[in-house]
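With this note's numbering applied, the sequence shown has no gaps in its numbers, which climb one by one up to 439 at the end.
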Amino acid sequence: MEERHKRILQRNRVNLVRDLNPSDMYHGLLSKGIFTQDMIDEIKSSGIRQDQARQLVRDLETRGSLAFPALIECLHETGQHSLAELLLDGEPQNQPLPQPVHVRPVVMPLPVCECLFHVYYMLITAPERAFGKPRATGRVRRDSIQSYKMDANPCGHCLIINNGDFEPKSELSKRTGSNIDCEKLERRFKSLNFVVLVKRNLKQKQIKQELSALSKKDHSQFDCCVVIMLSHGTEVCNNRFPGAVHGVDGPNVPVQHITNYLNGQNCLSLQGKPKIFFIQACGGGERDTGFEVSPDEARPCVGGTGDQTDAMPMSSSSDSLSTQSDEPDAKATLPTPSDILVSYSTFPGYVSWRDTQAGSWYVETLDNILEENAATDDLVTMLMMVSHEVSENSANGLYKQMPGSFNFLRKLLYFQALPCQRPILS
């Protein structure tokens with residue numbers, strides 16, 4: 014497909030996913046030679062109507078220069094005239110579209126030769142070797158990966174724990190700017206159709222109590238659950254999920270124990286459903302100065318002198334950390350988790366930067382990416398965008414940050430993207 018046509022599809026992807034009826038399009042796109050029957054079958058297996066529409070649009074971008082005019086023709090043939098006109102609005106005037114070629118099956122006679130029996134045997138036992146596999150074009154197909162069901166109303170619960178004011182005995186500093194992060198994420202996940210509960214300045218025991226209460230809720234009518242931790246963090250080694258977050262009184266809760274509250278063994282009504290954890294906290298005390306790149310890779314510094322970290326004071330002993338990490342919380346030994354994704358604001362062992370005026374790098378970028386891409390892209394793709402953008406920031410012109418995630422999801426996750434209500438400025 015020509016680049017100009019790809020751009021038109023990308024600009025209008027939200028409308029196409031929302032309004033396109035793909036089942037009406039399959040026969041036309043098949044008869045015009047744009048898709049094969051195998052490709053149609055794979056698109057049909059990708060999920061509900063919106064998932065099929067999303068996959069159909071993605072695949073069209075890989076099907077050559079005739080795919081766009083064939084799409085326009087099929088839209089008119091199936092009565093979806095408004096979508097056709099919407100796409101044609103992006104076309105330059107007086108520039109005719111190439112005409113799609115209508116193809117008919119051609120029956121080729123088998124060669125008469127002494128190897129005819131061998132050819133017949135190959136057709137029966139290994140047709141892919143007889144005809145050859147179709148050559149892959151564009152990006153790798155992901156049609157066989159199903160999407161999680163995410164159409165419940167509301168979609169699910171979202172718990173935000175925002176620890177900003179720490180007790181003096183904890184020797185942890187105030188997290189100025191954390192309330193900005195909290196407000197952004199509360200607004201964002203409400204716009205994604207979640208029931209959002211915000212808890213502020215919780216001690217270690219209270220964090221566990223809130224997670225336990227969340228695990229005891231009946232999630233059978235919901236499709237997903239989200240937990241967001243905004244706090245100071247530290248480096249704690251566990252066999253699955255590293256790191257820990259501090260209560261305002263000082264002691265920490267390991268991330269692995271946080272996830273255990275909602276796994277398939279401890280929360281039966283969330284079995285098979287995605288459980289997403291966002292951790293805005295330091296993963297340790299190291300400061301990453303990065304490494305030199307070529308001039309065309311370099312980007313201007315984004316961070317400023319007001320940047321702070323969410324690291325625990327370096328005076329705390331490592332012995333106390335190991336003792337904290339061995340405390341039994343939910344359960345110490347559980348099956349390998351499934352349908353869980355933990356997104357960390359920084360690489361394990363390193364600090365996470367926060368601007369006192371704008372909030373943390375990670376949350377600000379995550380909020381922007383969700384606003385711009387939640388209607389069209391899956392969560393893992395969006396988290397990769399977040400990692401890329403945050404990695405280009407610099408604190409004080411020197412220090413870097415690299416977000417990452419531990420992904421145990423089995424399917425693609427697409428949020429419900431509703432209009433986000435921004436605060437009105439007086």
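Beta carbons: idealized from backbone N, C-alpha and C, even for Gly. Computed from a predicted structure; not experimentally measured.
What is the DSSP secondary structure of Lys212, counted as helix, strand or coil? The three-state reading of DSSP puts Lys212 in strand, counting E and B together.
Counting Cβ pairs closer than 8 Å, one from the region 367–386 and one from the region 196–206, do we hit at least three? The region 196–206 and the region 367–386 touch, with three or more beta-carbon pairs separated by less than 8 Å.
Compare the C-alpha of Pro416 against each of Ile85, His40, Met398, Pro181 and name the closest. Closest option to Pro416, Cα to Cα, is Met398.
Taking Phe291 as the reference, give the member of Ser356, Gln65, Cys195, Asn166 with the closest Cα. When each option's Cα is compared against that of Phe291, the closest is Ser356.
Starting from Ser356, follow its DSSP beta bridges and name the residues at the other end. Beta-bridge pairing links Ser356 to Phe291, Ser418.
For Ala430, I'd like the list of residues in its chain whose CB is within less than 6 Å of its CB, leaving aside the five on either flank, ordered along the chain. Correct list, in chain order: Ala387, Ala388.
To the nearest whole angstrom, what separates the beta carbons of Leu243 and Asn175, a pair I think is in contact under 8 Å? Confirmed, about 5 Å.
According to DSSP, residues forming a beta bridge with Val266: DSSP, once it has assigned bridges, lists Val258 as partnering Val266.
Between the region 185–194 and the region 231–238, are three or more C-beta pairs nearer than 8 Å? With contact defined as three or more Cβ pairs closer than 8 Å, the region 185–194 and the region 231–238 are not in contact.
Cβ atoms of Asp352 and Phe421: under 8 Å apart, would you say? A contact, by the Cβ cut-off of 8 Å.
Please classify His245 as buried or exposed, where buried requires at least 16 other C-beta atoms within 10 Å of its C-beta. Buried is the label assigned to His245, since at least 16 other Cβ atoms lie within 10 Å of its Cβ.
Taking 8 Å as the cut-off, decide whether the C-beta atoms of Ile56 and Gln65 are in contact. The Cβ atoms of Ile56 and Gln65 sit closer than 8 Å to each other.
Residue nearest to Asn25 in terms of C-alpha spacing, selected from Asp102, Glu405, Asp391: Put simply, of Asp102, Glu405, Asp391 the residue whose alpha carbon is nearest the alpha carbon of Asn25 is Asp102.
Assuming contact is defined by CB atoms lying nearer than 8 Å, are Leu99 and Asn28 in contact in what I supplied? Cβ atoms of Leu99 and Asn28: closer than 8 Å.
Answer yes or no: do Leu354 and Pro287 have a C-beta to C-beta separation smaller than 8 Å? Yes, these two residues count as a Cβ contact at 8 Å.
Distance between beta carbons of Leu88 and Ala97, contact taken as under 8 Å: With 8 Å as the limit, Ala97 and Leu88 qualify as a contact, their Cβ atoms being about 4 Å apart.
Once DSSP output is grouped into helix, strand and coil, what is the label at Leu185? The answer is coil: DSSP assigns Leu185 none of H, G, I, E or B.
Residues near Ser418 by beta carbon distance below 7 Å, same chain, minus five either side: Here the set comprises Leu354, Val355, Ser356, Tyr357, Leu396.
Can you check DSSP and say which residues form a bridge with Gly169? Beta-bridge pairing by DSSP links Gly169 to Phe207, Cys237.
Using a Cβ-Cβ cutoff of less than 6 Å, which residues in the same chain neighbour Glu180 once the five nearest sequence positions on both sides are dropped? Answer for Glu180: Val261, Asp262, listed in chain order.
Can you give the Cα-Cα distance for Leu215 and Asp164, rounded to whole angstroms? The C-alpha of Leu215 lies about 32 Å from the C-alpha of Asp164.
Does Gly41 come out as helix, strand or coil in the three-state DSSP assignment? Three-state result, Gly41: helix.
Whole angstroms are fine: how far does the CA of Leu281 sit from the CA of Pro348? In this prediction, Pro348 scores a pLDDT of 43, lower than 50, which makes its location untrustworthy; the coordinate-derived value is nonetheless stated afterwards. Pro348 and Leu281: Cα-Cα distance of roughly 14 Å.
Within the 8 Å Cβ cut-off, does Val30 reach chain D? Checking the listed chains, one finds no chain D in this structure; it contains a single protein chain.
Within its chain, find whatever has a CB closer than 6 Å to the CB of Ser186; leave out the 5 residues flanking it on each side and keep chain order. There are no such residues.
Under 8 Å, do Ser400 and Lys413 count as touching if we go by C-beta distance? With a cutoff of 8 Å on beta-carbon distance, Ser400 and Lys413 are scored as not near each other.
Exposure of Thr359, with buried meaning 16 or more beta-carbon neighbours within 10 Å: Buried, by the Cβ-count rule.
Go to His401, then tell me how far its alpha helix (DSSP H) extends in each direction, as first and last residue. Looking at the DSSP string, the run of the alpha helix (DSSP H) that includes His401 is 392–404.
How many Å lie between Gln219 and Tyr274 at the Cα? Between the alpha carbons of Gln219 and Tyr274 lies a gap of roughly 14 Å.
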